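Straight run, no breaks: the sequence shown in numbering that gives the first Met the number 0 ends on number 215.
All residues carry an ideal CB built from backbone N, CA and C; glycine is no exception.
Small disclaimer: the values here were computed from a predicted structure and weren't measured.
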Amino acid sequence: MLHIDWRHAPRGPILLDMTNRPSPSSSPRRCVNERVGPLRFETLAHGTFEWPAPSASFLHLQFRRFAGCPVCNLHMRAFALAIGALAAARVVTVAFFHSTAAQMAPYQGDLPFAVVPDPERLWYAHFGVERSRLAVAHPKVMWSALKGLAVAKSNPFVGGLDQTGLPADFLIDREGKIVALHYGAHADDQWTVEDLLREANRGWPTGEPSGRLVGA
0 MLHIDWRHAP
10 RGPILLDMTN
20 RPSPSSSPRR
30 CVNERVGPLR
40 FETLAHGTFE
50 WPAPSASFLH
60 LQFRRFAGCP
70 VCNLHMRAFA
80 LAIGALAAAR
90 VVTVAFFHST
100 AAQMAPYQGD
110 LPFAVVPDPE
120 RLWYAHFGVE
130 RSRLAVAHPK
140 VMWSALKGLA
150 VAKSNPFVGG
160 LDQTGLPADF
170 LIDREGKIVA
180 LHYGAHADDQ
190 WTVEDLLREA
200 NRGWPTGEPS
210 GRLVGA
């Protein structure tokens, strides 16, 4: 069944929030072992999110595309279904979209994890998340878009005037250090839930039990 709803900042350990946002100028790509926290975001439906957070060892920042993006919403559905596995692995995820809160509400408003509206792409620029005119010119993107339209609430016309956005993923520890990252080469090039859990398992200090990580 088709589900369509018609209706930047110096480096180092600084406090980032949506009232003291990074400037619009782009930053270079971030690097593993770089410190980017503590962090603070105003989310769409989960209030203020702060990192480090209680009961979590890792923060996963995932930068998606626009609100109605069927590829993104298929991906969000997979993460929503895996929320228990993420909690067991002590990983909390926060997703960013370069759309307004109003555009996002029908599609991401009921997700069981925090999502952040960033229509000016300030956080995208701060983390060096890029764009490409070839973002959707990959067979995998076409297939995932069709699947997303079939199983996830999506609408490629809502916030989708700019199709150049690329995804990115960052895994950050409680000290604010990036322990793993991935910059996507096309619109459907992002960590799966399994990829995220594998990276989190690798990120544990020596001697930390890894058996607690579901899916490792």
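Going by DSSP, His59 is part of the beta strand (DSSP E) stretching over 57-62. Gly83 and Pro138 have their C-alpha atoms some 31 Å from each other. For Leu148, the enclosing alpha helix (DSSP H) covers residues 138-150. Short of 8 Å from the beta carbon of Glu198, and not among the five residues preceding or following it, lie these beta carbons of its own chain, in chain order: Leu170, Val178, Ala179, Trp190.
The C-beta distance from Val35 to Arg29 rounds to 7 Å, short enough to fall under 8 Å.
Asp194: member of the alpha helix (DSSP H) spanning 192-202, first to last residue.
C-alpha of Gly67 to C-alpha of Val128: approximately 19 Å in a straight line.
For Pro166, the secondary structure class from DSSP, reduced to helix, strand or coil, is coil. Taking a C-beta distance under 8 Å as the contact criterion, Val135 and Phe112 do not qualify as a contact pair. Ranking Phe65, Val91, Leu195, Gly175 by CA distance to the CA of Ala144 puts Phe65 first. No Cβ-Cβ contact shorter than 8 Å links Val114 with Thr163. In the DSSP annotation of this structure, Val90 is not part of any alpha helix (DSSP H); the continuous beta strand (DSSP E) holding it starts and ends at 90-96. Taking each of Arg132, Ala100, Ala186, Tyr106 in turn and checking the Cα distance to Trp142, the smallest one comes out for Ala186.
In terms of Cβ geometry, Pro69 and Leu148 form a close pair [threshold 8 Å]. Between Pro37 and the set Cys71, Trp50, Leu110, the nearest pair of CA atoms involves Trp50. Secondary structure at Pro155: coil, using DSSP grouped into helix, strand and coil. Distance from Ala151 to Arg76 at the Cβ level is roughly 5 Å; contact confirmed, criterion being Cβ atoms closer than 8 Å. The Cβ-Cβ distance between Val91 and Ala124 does not fall below 8 Å.
Closest in C-alpha terms to Glu193, from the list Ala55, Tyr106, Val140, Phe78, comes Phe78. Non-local beta-carbon contacts of Leu110 in its own chain, meaning distances under 7 Å to residues more than five positions away in sequence, involve Met75, Ala79 in chain order.
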